[in-house]
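Peer 1:
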Amino acid sequence: MPKKGNGIGKRCTGTSHKQGGKKNKQLLRTKFLNRHVDQVWEDIRRPSSEVHQPGKVGPVGTTAKVELDEDTPGFGKFYCLACSRYFINAQAHADHDATKPHKRKLKMLLTTARPHNQKDADKAGGLGAADNGPKLRSMDMVEE
Numbered sequence: 204m205p206k207k208g209n210g211i212g213k214r215c216t217g218t219s220h221k222q223g224g225k226k227n228k229q230l231l232r233t234k235f236l237n238r239h240v241d242q243v244w245e246d247i248r249r250p251s252s253e254v255h256q257p258g259k260v261g262p263v264g265t266t267a268k269v270e271l272d273e274d275t276p277g278f279g280k281f282y283c284l285a286c287s288r289y290f291i292n293a294q295a296h297a298d299h300d301a302t303k304p305h306k307r308k309l310k311m312l313l314t315t316a317r318p319h320n321q322k323d324a325d326k327a328g329g330l331g332a333a334d335n336g337p338k339l340r341s342m343d344m345v346e347e
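The opening residue of the sequence shown carries number 204 in the numbering used here; numbering runs sequentially from there.
1. In or out: Ser252 buried (at least 16 other Cβ within 10 Å) or exposed?
2. Output the boundary residues of the alpha helix (DSSP H) element that contains Arg307.
3. From the DSSP output, in three-state form, read off Arg288 for me.
4. From Ala332 to Arg248, what does the alpha carbon distance come to, in whole angstroms?
5. Given this structure, state the Cα-to-Cα distance separating Ala316 from Pro250, to the nearest angstrom.
6. Going by C-alpha distance, which of Cys286, Leu312, Ile291 is nearest Phe278?
7. Could you give the distance in angstroms between the alpha-carbon of Lys308 and the alpha-carbon of Gly336?
8. Determine, using beta carbons only, whether Ser287 and Asn237 come nearer to each other than 8 Å.
9. In its own chain, which residues sit with a C-beta less than 6 Å from the C-beta of Val240, not counting the 5 before and 5 after it?
10. Could you please give me the residues that DSSP links to Phe281 through a beta bridge?
11. Does DSSP put Leu231 in a helix, a strand or coil?
12. Whole angstroms are fine: how far does the CA of Gln294 sit from the CA of Ala327?
13. Is Asp323 helix, strand or coil by DSSP?
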């Protein structure tokens, strides 16, 4: 009886083995769930009283979840500012703080110069504030 499947040396058809069966829309949707590097860079340098709103968890500019939000892990109480992640409990948050990816990201945020943001991109694209040059003569001189 012949063997079912693609045979030796043939690739699987259908979903890509690298994406784990996820569709392109799902992969693109996760792109904007986390805060961008320039937002996190600013949050790291501000005092925590400016970053966190009273009675709420999560930095200003995110959805600023209410403290007991059922939709976030751990009801939104355990948040890593550098990685923009919520954790189930304090132990999971402490374990995350000891991981290499967290330490790398924290080091990168604390030691690098300010990352580019939308204001820089607009200025580079010629969309900044209008520069009309210095005034050549004032209105008082015109009336005389």
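Built from N, CA and C at the ideal position, the CB exists for glycine as well.
Peer 2: Per the coordinate set shown:
1. Here residue 252 refers to the residue found at position 49 when the sequence shown is read from its first residue. Only exposed fits Ser252, as fewer than 16 other CB atoms lie within 10 angstroms of its CB.
2. Along the sequence shown, one-based indexing puts residue 307 at 104. That run of the alpha helix (DSSP H) goes 303-314.
3. On the sequence shown, residue 288 is found 85 positions in, with the first residue counted as 1. In the structure shown, Arg288 sits in a strand (DSSP, three-state: E or B).
4. Locating residue 332 in the sequence shown gives position 129, counting from the first residue. Locating residue 248 in the sequence shown gives position 45, counting from the first residue. Their Cα atoms are separated by approximately 27 Å.
5. Translated into the one-based positions of the sequence shown, residue 316 becomes position 113. Translated into the one-based positions of the sequence shown, residue 250 becomes position 47. Those two C-alpha atoms are separated by around 19 Å.
6. Within the sequence shown, the letter at position 75 stands for residue 278. That would be Ile291, whose Cα lies nearest to the Cα of Phe278.
7. As a working note, residue 308 is residue 105 in the sequence shown. As a working note, residue 336 is residue 133 in the sequence shown. About 42 Å.
8. Numbered from its first residue, the sequence shown carries residue 287 at position 84. Numbered from its first residue, the sequence shown carries residue 237 at position 34. Against a cut-off of 8 Å, the Cβ pair of Asn237 and Ser287 comes out as a contact.
9. Counting from 1 along the sequence shown, the entry for residue 240 is found at position 37. These residues qualify, in order along the chain: Pro318.
10. The residue you call residue 281 lines up with position 78 of the sequence shown. Looking at the DSSP assignment, Phe281 forms a beta bridge with Phe290.
11. Indexing the sequence shown from 1 puts residue 231 at position 28. Leu231: helix per DSSP, three-state reduction.
12. Along the sequence shown, read from residue 1 onward, the residue named residue 327 stands at position 124. Along the sequence shown, read from residue 1 onward, the residue named residue 294 stands at position 91. Their backbone Cα atoms lie some 45 Å apart in a straight line.
13. By 1-based counting over the sequence shown, the position of residue 323 is 120. Helix, per DSSP.
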